[in-house]
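**Q**
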Amino acid sequence: MAQSLLDKASSCGCVCKRELSGNWKIIPSQKTARWELQQVEDRWLLVAGGVAQVNLHPTEAEAFLKRRCSNHSNRWKVVFPTSPVSNG
């Protein structure tokens, strides 16, 4: 499961680093992002602003990462309505 999460993180531009302990760390590529995911055994610790926030199951970490990646990739996307707006 860790490899799947690491692959997804890499594909959305995150940096994946293996620590001396053998655990992984996922770091966003945006310098302004203040979060990271740290592997702790079979879980992922979400750290925001240098403070541990929550211990995530791998599927939860994947959902978090998916949300962060979609926010980043759609940041400049402009969506126009498909039907005219009625004022009456």
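Just so we're aligned: the sequence shown equals residues 72 to 159 in the working numbering. For every residue, glycine included, the Cβ atom is placed at its ideal position computed from N, Cα and C. Predicted model, so just to flag it, every value in this text is computed and none were measured.
Are the beta-carbon atoms belonging to Glu107 and Leu117 less than 9 Å from one another?
**A** Yes, Cβ-Cβ distance for Glu107 and Leu117 is below 9 Å.
**Q** So, under 8 Å CB-CB, Ile98 and Val86 are touching, yes? Tell me the CB distance rounded to an integer number of Å.
**A** 5 Å
**Q** Between Trp95 and chain C, is any beta-carbon pair separated by less than 9 Å?
**A** Here chain C cannot be found, since the structure has a single protein chain.
**Q** In this structure, how does DSSP classify Leu237 when only helix, strand and coil are distinguished?
**A** Nothing can be reported for residue 237: it is not among the residues displayed for the chain, which extend from 72 to 159.
**Q** Can you give me the Cβ contacts of Trp115 inside the same chain, cut-off strictly under 6 Å, excluding the 5 residues immediately before and after it?
**A** Leu108, Leu127 and Ala132
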